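What follows is a single structure, written as structure tokens, with notes after it.
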Amino acid sequence: MPQEPNSDCNCGVPQLCAADRNCPIDWDSELHEFQLGDFEGRQSWVIRYCFNCGKPLSGSKRADLFFEMNAIEVDDVQRRFKSIQSVEALVHQLGEPDVCTSTGGEDVDWPHDLSNEERAYLTYLRYWTTVDVMVPVEKGNLAGFICSPRRK
1 MPQEPNSDCN
11 CGVPQLCAAD
21 RNCPIDWDSE
31 LHEFQLGDFE
41 GRQSWVIRYC
51 FNCGKPLSGS
61 KRADLFFEMN
71 AIEVDDVQRR
81 FKSIQSVEAL
91 VHQLGEPDVC
101 TSTGGEDVDW
111 PHDLSNEERA
121 YLTYLRYWTT
131 VDVMVPVEKG
141 NLAGFICSPR
151 RK
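Per full-length UniProt numbering, the very first residue in the sequence shown carries number 1; after that it's consecutive.
This is how it looks when you write it as structure tokens:
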């Protein structure tokens, strides 16, 4: 009997691959999702569709780890960042960042000379409860802002 076009995968191939130690497919039991990883364990990518039958691999609990972003807070972020064009204006408007991360991924103390950093990130957490705002800085210049859901 054919499956419904939108039904979930039940072919069993992802499970077989995850059980094979020589296969780069893993099962993350905390998140309830299959992941494709490199053999060094440095990177992984979520597999959302079965690579054998093409059907969805649903059941991920990843969304449960984050708050749903509040529309009022997102609007506030957009309003605050609308006219900010420099690191100086950012710090004047929002104060020192809650977290400053250097190019190498290390947290560094503020104030920090960003002019020599290929890419650094200034993160603001204290103004909102459902969103985090990360501001990429490239060689001392703002490169926009990223508004993302806050982890629970």
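Virtual Cβ for every residue (Gly too), placed ideally from N, Cα, C. Here the structure is a predicted model, which is why all the values come from computation and not from measurement.
Counting along the chain, the unbroken beta strand (DSSP E) around F34 starts and ends at E33 to G37. For C17, the enclosing alpha helix (DSSP H) begins and ends at V13 to A19. Judged by DSSP in its simplified three-state form, V108 adopts coil rather than helix or strand. Membership of D113 in any alpha helix (DSSP H) is not indicated, and neither H nor E is assigned to it by DSSP. Within the stretch 37-77, complete beta strand (DSSP E) segments of at least 3 residues are found at 44-47, given in chain order. Cβ contact annotation for M134 (same chain, cutoff 6 angstroms, sequence separation greater than five): Y121, T123 and I146, in chain order.
P24 sits close to D38, with the two beta carbons spaced by under 8 angstroms.
Leaving aside the five residues that flank G105 on each side, none in its chain has a CB nearer than 7 angstroms to its CB. Per the coordinates, the alpha-carbon of C50 lies some 14 angstroms from the alpha-carbon of S60.
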